[in-house]
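Chemist:
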């Protein structure tokens with residue numbers, strides 16, 4: 103998705119790829135049955151990416 107954004111707006115998404123602390127936050131959320139959400143945006147659009155366990159049960 104970040105390939106479709108202009109460079110300044112793509113930067114947070116590119117940073118996420120190497121952000122170990124954020125990856126740990128995602129793993130912890132998923133391990134507890136919670137939904138992990140990452141929000142990116144440009145001038146006019148907000149992109150909300152989410153992940154959750156299949157079945158949605160804890």
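In our numbering, the protein residues as written are 103 to 160. Built from N, CA and C at the ideal position, the CB exists for glycine as well.
1. Would you report the Cα separation of residue 113 and residue 126, rounded to the nearest angstrom?
2. Can you tell me where the beta strand (DSSP E) with residue 141 in it begins and where it stops?
3. Taking only three categories from DSSP, how would you classify residue 156?
4. Please list, in chain order, all residues of the same chain as residue 115 whose beta carbon is under 6 Å from its beta carbon, the five residues on each side excluded.
Modeler: Considering the structure as presented:
1. Here residue 113 refers to the residue found at position 11 of the chain shown. Here residue 126 refers to the residue found at position 24 of the chain shown. Rounded to the nearest angstrom, the two C-alpha atoms are 20 Å apart.
2. Within the chain shown, residue 141 is the residue found at index 39, counting from 1. Secondary structure note for residue 141: its beta strand (DSSP E) is the uninterrupted segment 138-143.
3. Position 54 of the chain shown, counted from the first residue, corresponds to residue 156. When DSSP states are grouped into helix, strand and coil, residue 156 belongs to the coil group.
4. Mapped onto the chain shown, residue 115 falls at position 13. Around residue 115: 104 and 142.
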